[in-house]
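Engineer:
2 protein chains.
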Amino acid sequence: MPVTIQDVAREAGVSVSTVSRAFTVPEMVKDETRHYVLATAERMGYRPNRAARGLITGKTGNLGVIVPDLSNPFFPNVLKGVQARAREADYAVFLADCDENPAEEMALVQAMAKQVDGVILCSSRMSATQLERVVGTTSLVFINRQVRDQAAVTMDAAGGIRQAVDHLAALGHRKIAYLSGPRTSWSNRERRRGLRRAAREDIEIVELGPFAPRFDGGPHAADLALAEGVTAIIAYNDLMALGVMSRLADRGVSVPRQMSVVGFDDISMAGMATPPLTSVSMQNERAGRAAVDLLLSLLTVTGAEAGDLRRELECQLIVRASTAVPPDPTGR
Amino acid sequence: MPVTIQDVAREAGVSVSTVSRAFTVPEMVKDETRHYVLATAERMGYRPNRAARGLITGKTGNLGVIVPDLSNPFFPNVLKGVQARAREADYAVFLADCDENPAEEMALVQAMAKQVDGVILCSSRMSATQLERVVGTTSLVFINRQVRDQAAVTMDAAGGIRQAVDHLAALGHRKIAYLSGPRTSWSNRERRRGLRRAAREDIEIVELGPFAPRFDGGPHAADLALAEGVTAIIAYNDLMALGVMSRLADRGVSVPRQMSVVGFDDISMAGMATPPLTSVSMQNERAGRAAVDLLLSLLTVTGAEAGDLRRELECQLIVRASTAVPPDPTGR
DNA sequence: ACGCCTTCTGCAAAGGATTGCAGTCTTTCA
DNA sequence: TGAAAGACTGCAATCCTTTGCAGAAGGCGT
Numbered sequence: 001m002p003v004t005i006q007d008v009a010r011e012a013g014v015s016v017s018t019v020s021r022a023f024t025v026p027e028m029v030k031d032e033t034r035h036y037v038l039a040t041a042e043r044m045g046y047r048p049n050r051a052a053r054g055l056i057t058g059k060t061g062n063l064g065v066i067v068p069d070l071s072n073p074f075f076p077n078v079l080k081g082v083q084a085r086a087r088e089a090d091y092a093v094f095l096a097d098c099d100e101n102p103a104e105e106m107a108l109v110q111a112m113a114k115q116v117d118g119v120i121l122c123s124s125r126m127s128a129t130q131l132e133r134v135v136g137t138t139s140l141v142f143i144n145r146q147v148r149d150q151a152a153v154t155m156d157a158a159g160g161i162r163q164a165v166d167h168l169a170a171l172g173h174r175k176i177a178y179l180s181g182p183r184t185s186w187s188n189r190e191r192r193r194g195l196r197r198a199a200r201e202d203i204e205i206v207e208l209g210p211f212a213p214r215f216d217g218g219p220h221a222a223d224l225a226l227a228e229g230v231t232a233i234i235a236y237n238d239l240m241a242l243g244v245m246s247r248l249a250d251r252g253v254s255v256p257r258q259m260s261v262v263g264f265d266d267i268s269m270a271g272m273a274t275p276p277l278t279s280v281s282m283q284n285e286r287a288g289r290a291a292v293d294l295l296l297s298l299l300t301v302t303g304a305e306a307g308d309l310r311r312e313l314e315c316q317l318i319v320r321a322s323t324a325v326p327p328d329p330t331g332r
Numbered sequence: 001m002p003v004t005i006q007d008v009a010r011e012a013g014v015s016v017s018t019v020s021r022a023f024t025v026p027e028m029v030k031d032e033t034r035h036y037v038l039a040t041a042e043r044m045g046y047r048p049n050r051a052a053r054g055l056i057t058g059k060t061g062n063l064g065v066i067v068p069d070l071s072n073p074f075f076p077n078v079l080k081g082v083q084a085r086a087r088e089a090d091y092a093v094f095l096a097d098c099d100e101n102p103a104e105e106m107a108l109v110q111a112m113a114k115q116v117d118g119v120i121l122c123s124s125r126m127s128a129t130q131l132e133r134v135v136g137t138t139s140l141v142f143i144n145r146q147v148r149d150q151a152a153v154t155m156d157a158a159g160g161i162r163q164a165v166d167h168l169a170a171l172g173h174r175k176i177a178y179l180s181g182p183r184t185s186w187s188n189r190e191r192r193r194g195l196r197r198a199a200r201e202d203i204e205i206v207e208l209g210p211f212a213p214r215f216d217g218g219p220h221a222a223d224l225a226l227a228e229g230v231t232a233i234i235a236y237n238d239l240m241a242l243g244v245m246s247r248l249a250d251r252g253v254s255v256p257r258q259m260s261v262v263g264f265d266d267i268s269m270a271g272m273a274t275p276p277l278t279s280v281s282m283q284n285e286r287a288g289r290a291a292v293d294l295l296l297s298l299l300t301v302t303g304a305e306a307g308d309l310r311r312e313l314e315c316q317l318i319v320r321a322s323t324a325v326p327p328d329p330t331g332r
């Protein structure tokens, strides 16, 4: 049923080699022949069998992406970038969701290894030892995590935090809470690093947590922040920030009048919240595209050292309605 | 570098046939031999090359999913279901995002056809003529759309609408607006069908739109609904509902005191909105799993007629804080 | 007119796995 | 004890492409 290169060759009255070359090394076959072959192929609806091609070239034309959890709105956007860029480069993408489970993540990489030219790992949860066992099985590009000698695209979260702190400081806030995410997460460490870098004489920053990096981590975090008497909150991510806002609303604390809230990631729902959430935007889609670019050069550029392939994306503070000047300490 | 079946055979001192059979038809090789072979393979880290296998068996062990837009929070959840179920069945999944572009969607199906055993189409945007050209190139399963003689998993949106109407009626609402989505969309037709079925003597339903099925379709829709003087709104989907709520807040209309709002899809952010949005839940993850099940039986069960493979999932109204009794018409 | 260089095309091997067929070795039954 | 059946295993063809090598044809310089 499916039409093979043989069928095209027979129909066009040439050898399979010629058909093959018409597709893969066009300049090697006479214009006239090539046009005729290509036209015939088109007419017959021929599409080269990638599996067979991969068998001999050693390249599959596929790449894999592994994300910790698709229902975390952070990932679909990077996935979208990966997919779009991959398609431009005529690659197909394998998707896997490891459900936040490092062991599963490792298994997935190994299972994929044979059928892809490389794998993109988003916010990998794997331990150093687990990583060791997958490095080398296939080309790897990390997103949001740096691993020695491995290609990676990261976000300048530290810079983002700084922007958030500066923004709040400019508004007049003097005591700010940072609501920490999972202690072991690379992203959280990065954010904390940014916090230290953003430290200023005139601002007091208290760090709370860790809290669950989800909506339901918010309420607990909000209560602690209120108890600390801060006037502004920077949350580990938007989900947590939304949870915080929800809790504040329940407790009758008005955002942004009595409390300013800043999130992280700028997931699409940030702009839809009430009030719309000020957030540090991560350019996830760009990150996805960049990861594919890195992977591509890793595969094609000879002698490219994975360790040299690094790309850091700017973060951008998107100011919306959840931040404002702090309440007058005199009580109006 | 990668270890092949030949390597294992040599190492284990048997022929490649035996190794192959040890994996694919275990009962055909002597227990002792099989154990030894399997152990050797394991030790050497051998994983069969799926491409090579697919070449000869004609089955790839892959399946494809095409979604219209990953950044629409509806899809990642069904994707998650697809992925999970596929992995259980030892299938890998190819993902593609067609950016709401039917032509691209068609091209993607054709591009995938050769490398997958079947494709799952989520909320396909293709026209009848376009569909005609892809049916037959590979096995298809539709989600959220019914096509003649094709396997499909659908949601009982009509039933969901009815639940929403009954809920609002029970609260005392007498005039309700339905905010329509894209006129041509199958989902929208289904919802409208449900609307007619839910029609009751005591309730007046006005249909407005069509509006963009996104957050930014909400404001326009909200204004029209207000002008109609309804006390409750059912939106085409949650995104639109959130846009409506945002606009209502801007215009000083309190939800749910002055206006009740019901969404559709129950995307994760519905519960995080302020107030949390009452919504018709679609069980997207289950839908994804069901689609894979359908595809699998389409592939294995001989003589399974695609047209017979239908699965309809229940919808469930999740009542949250965005719906309440209507304002007293006397003005309190 | 000859040889050489180009340009184009075809032959055949290779890549990793599956599988029909045939061969070997045991076992069983008469 | 011999033959037939049964249980395993191996050989080799096959799936669809790519690609090194060699052959064919045409052009050019001398």
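Those protein sequences? They're chains A and B, same order as listed. Each step along the first sequence adds one to the number in the working numbering, with nothing skipped, and position 212 is 212. Each step along the second sequence adds one to the number in the working numbering, with nothing skipped, and position 145 is 145. We put the CB at the ideal spot given by N, CA and C, even for glycine.
Assuming A:Lys-80 contacts A:Gly-288 under a Cβ cut-off of 8 Å, what Cβ separation, rounded to an integer in Å, is found between them?
Structural biologist: As a working note, residue 80 of chain A is residue 80 in the first sequence. As a working note, residue 288 of chain A is residue 288 in the first sequence. A:Lys-80 to A:Gly-288, Cβ: 7 Å. Contact.
Engineer: Here's the rule I'm using: 16 or more other beta-carbon atoms within 10 Å means buried, otherwise exposed. How should B:Asp-90 be labelled?
Structural biologist: Position 90 of the second sequence, counted from the first residue, corresponds to residue 90 of chain B. So B:Asp-90 counts as exposed.
Engineer: Taking B:Gln-316 as part of the beta strand (DSSP E), name the residues at either end of that continuous run.
Structural biologist: Here residue 316 of chain B corresponds to residue number 316 of the second sequence, with the count starting at 1. Note, B:Gln-316: beta strand (DSSP E), 316-318.
Engineer: Any beta carbon from chain A within less than 8 Å of B:Phe-215's own beta carbon?
Structural biologist: In the second sequence, residue 215 of chain B corresponds to position 215, counting from 1. Judged by the 8 Å Cβ criterion, B:Phe-215 is in contact with chain A.
Engineer: State the start and end residues of the unbroken beta strand (DSSP E) segment that holds A:Ser-260.
Structural biologist: To locate residue 260 of chain A, count along the first sequence from 1; it is residue 260. From DSSP, the beta strand (DSSP E) with A:Ser-260 extends over 260-265.
Engineer: Need the endpoints of the beta strand (DSSP E) that A:Tyr-178 sits in, please.
Structural biologist: Here the question's residue 178 of chain A lines up with position 178 in the first sequence. Unbroken beta strand (DSSP E) run through A:Tyr-178: 175-179.
Engineer: Hey, how far is the Cα of A:Gly-181 from the Cα of B:Arg-21?
Structural biologist: For the purposes of this step, residue 181 of chain A is taken as the residue at position 181 of the first sequence. For the purposes of this step, residue 21 of chain B is taken as the residue at position 21 of the second sequence. One C-alpha to the other measures close to 49 Å.
Engineer: Taking only three categories from DSSP, how would you classify A:Leu-70?
Structural biologist: Taking the first residue of the first sequence as position 1, residue 70 of chain A is located at position 70. Coil.
Engineer: Is the shortest distance between the beta-carbon of A:Val-93 and the beta-carbons of chain B less than 8 Å?
Structural biologist: The sequence position of residue 93 of chain A within the first sequence is 93, counting from 1. Yes, its Cβ sits closer than 8 Å to a Cβ of chain B.
Engineer: Give me the chain B residues within the contact set of A:Ser-246, using Cβ-Cβ distance strictly less than 7 Å, ordered along the chain.
Structural biologist: For the purposes of this step, residue 246 of chain A is taken as residue 246 along the first sequence, with counting starting at 1. Here the neighbours are Met-272 and Thr-274.
Engineer: Where DSSP assigns a beta bridge to B:Ile-143, which residues make up the other side?
Structural biologist: The sequence position of residue 143 of chain B within the second sequence is 143, counting from 1. For B:Ile-143, which the question treats as bridged, DSSP gives the partners B:Cys-122 and B:Val-153.
Engineer: What is the DSSP secondary structure of B:Asn-62, counted as helix, strand or coil?
Structural biologist: As a first step, residue 62 of chain B must be located in the second sequence, where it is residue number 62. In the structure shown, B:Asn-62 sits in a strand (DSSP, three-state: E or B).
Engineer: Quick one: residues in its chain with C-beta nearer than 6 Å to the C-beta of B:Gly-54, no 5 flanking neighbours on either side, listed in chain order?
Structural biologist: The residue given as residue 54 of chain B occupies position 54 in the second sequence. Excluding residues within five positions, the ones whose Cβ falls inside 6 Å are Thr-60.
Engineer: Mind checking whether B:Thr-274 and A:Thr-278 have CB atoms under 8 Å apart?
Structural biologist: Residue numbering aside, residue 274 of chain B sits at position 274 when the second sequence is read from its first letter. Residue numbering aside, residue 278 of chain A sits at position 278 when the first sequence is read from its first letter. No; because the gap between Cβ atoms is not below 8 Å, this pair is not in contact.
Engineer: Given that a residue counts as buried once 16 or more other Cβ atoms are within 10 Å of its Cβ, and exposed if not, what is B:Gln-163?
Structural biologist: Counted from its first residue, the second sequence places residue 163 of chain B at position 163. Burial call: buried.
Engineer: By Cβ distance below 8 Å, which residues in the same chain neighbour B:Pro-276 in space, the five residues on each side in sequence not counted?
Structural biologist: Against the second sequence, residue 276 of chain B aligns to sequence position 276. Closer than 8 Å at Cβ, skipping near neighbours: Ala-270, Arg-320, Ala-321 and Ser-322.
Engineer: Could you give the distance in angstroms between the alpha-carbon of B:Ile-205 and the alpha-carbon of B:Leu-224?
Structural biologist: For the purposes of this step, residue 205 of chain B is taken as residue 205 along the second sequence, with counting starting at 1. For the purposes of this step, residue 224 of chain B is taken as residue 224 along the second sequence, with counting starting at 1. Taking the straight line joining both Cα atoms gives about 14 Å.
Engineer: Please list, in chain order, all residues of the same chain as B:Met-106 whose beta carbon is under 7 Å from its beta carbon, the five residues on each side excluded.
Structural biologist: Your numbering for residue 106 of chain B matches position 106 in the second sequence. Excluding sequence neighbours, B:Met-106 sits near Met-126, Gln-130, Arg-133 and Val-134.
Engineer: Interface residues of chain B around A:Ser-71 at Cβ under 7 Å?
Structural biologist: Walking along the first sequence from the start, residue 71 of chain A turns up at place 71. Chain B residues near A:Ser-71: Pro-76, Asn-77, Lys-80 and Ser-268.
Engineer: Following the continuous beta strand (DSSP E) through B:Ser-187, name the residue where it begins and the one where it ends.
Structural biologist: Counted from its first residue, the second sequence places residue 187 of chain B at position 187. Counting along the chain, B:Ser-187 falls outside any beta strand (DSSP E), though it belongs to the alpha helix (DSSP H) covering 186-197.
Engineer: Output the boundary residues of the beta strand (DSSP E) element that contains B:Val-25.
Structural biologist: Indexing the second sequence from 1 puts residue 25 of chain B at position 25. Per DSSP, B:Val-25 belongs to no beta strand (DSSP E) and is neither H nor E.
Engineer: Taking buried to mean at least 16 other C-beta atoms within 10 Å of its own C-beta, is B:Ala-222 buried or exposed?
Structural biologist: Counting from one through the second sequence, the residue named residue 222 of chain B turns up at place 222. When all chains shown are included, B:Ala-222 counts as buried.
Engineer: Tell me, which residues are paired with A:Leu-95 by DSSP?
Structural biologist: Translated into the one-based positions of the first sequence, residue 95 of chain A becomes position 95. According to DSSP, which records beta bridges pairwise, A:Leu-95 is partnered with A:Val-65 and B:Val-93.
Engineer: Can you check which of these residues, A:Glu-285, A:Ala-291, A:Thr-33 and A:Asp-266, is closest to A:Ile-318 by C-alpha distance?
Structural biologist: As a first step, residue 318 of chain A must be located in the first sequence, where it is residue number 318. If we check each option's Cα against that of A:Ile-318, A:Asp-266 comes out closest.
Engineer: At a Cβ cut of 7 Å, what residues of the region 30-53 of chain A count as close to chain B, listed as they run along the chain?
Structural biologist: Listed by position, the residues of the region 30-53 of chain A near chain B (Cβ gap below 7 Å) are Arg-47, Asn-49, Arg-50, Ala-51 and Ala-52.
Engineer: Going along chain B, which residues have a C-beta under 8 Å from A:Pro-256?
Structural biologist: Along the first sequence, read from residue 1 onward, the residue named residue 256 of chain A stands at position 256. In chain order: nothing, as chain B lies at least about 14 Å away.
Engineer: What is the DSSP secondary structure of B:Ala-235, reduced to helix, strand or coil?
Structural biologist: As a first step, residue 235 of chain B is located in the second sequence; it is residue number 235 there, counting from the start. B:Ala-235 falls in the strand class under three-state DSSP.
Engineer: Report yes if the CB atom of B:Val-153 is closer than 8 Å to the CB atom of B:Arg-50, and no otherwise.
Structural biologist: Here the question's residue 153 of chain B lines up with position 153 in the second sequence. Here the question's residue 50 of chain B lines up with position 50 in the second sequence. Result no, Cβ atoms of B:Val-153 and B:Arg-50 do not sit closer than 8 Å.
Engineer: Strictly under 8 Å for the Cβ-Cβ distance: is A:Ala-96 near chain B by that measure?
Structural biologist: Taking the first sequence and counting its residues from 1, the one referred to as residue 96 of chain A is at position 96. True, the Cβ-Cβ gap to chain B drops below 8 Å.
Engineer: May I ask which residues mark the beginning and end of the beta strand (DSSP E) holding A:Arg-43?
Structural biologist: Locating residue 43 of chain A in the first sequence gives position 43, counting from the first residue. That residue, A:Arg-43, is in no beta strand (DSSP E); its alpha helix (DSSP H) goes 31-44.
Engineer: Among residues of its own chain, excluding the 5 on either side of B:Glu-190, which ones have a beta-carbon nearer than 7 Å to its beta-carbon?
Structural biologist: Position 190 of the second sequence holds residue 190 of chain B. Answer for B:Glu-190: Ala-157 and Ala-158, listed in chain order.
Engineer: Are the CB atoms of A:Gly-160 and A:Gly-194 nearer to each other than 8 Å?
Structural biologist: To locate residue 160 of chain A, count along the first sequence from 1; it is residue 160. To locate residue 194 of chain A, count along the first sequence from 1; it is residue 194. Taking 8 Å as the Cβ cut-off, A:Gly-160 and A:Gly-194 qualify as a contacting pair.
Engineer: Measuring alpha carbon to alpha carbon, tell me which of A:Arg-148, A:Thr-18, A:His-167 and A:Ser-260 ends up nearest A:Glu-305.
Structural biologist: For the purposes of this step, residue 305 of chain A is taken as residue 305 along the first sequence, with counting starting at 1. Taking only the C-alpha atoms, the option nearest A:Glu-305 is A:Arg-148.
Engineer: For B:Leu-313, name the three-state secondary structure that DSSP assigns.
Structural biologist: As a working mapping, residue 313 of chain B is identified with position 313 in the second sequence. In the structure shown, B:Leu-313 sits in a strand (DSSP, three-state: E or B).
Engineer: Can you say whether B:Ser-17 is buried or exposed, counting buried as having 16 or more other CB atoms within 10 angstroms of its CB?
Structural biologist: Stepping through the second sequence from its first residue, residue 17 of chain B is reached at position 17. It is exposed - the Cβ of B:Ser-17 has fewer than 16 other Cβ atoms within 10 Å.
Engineer: Quick check on DSSP: helix, strand or coil for B:Asp-293?
Structural biologist: By one-based count along the second sequence, residue 293 of chain B stands at place 293. Three-state result, B:Asp-293: helix.
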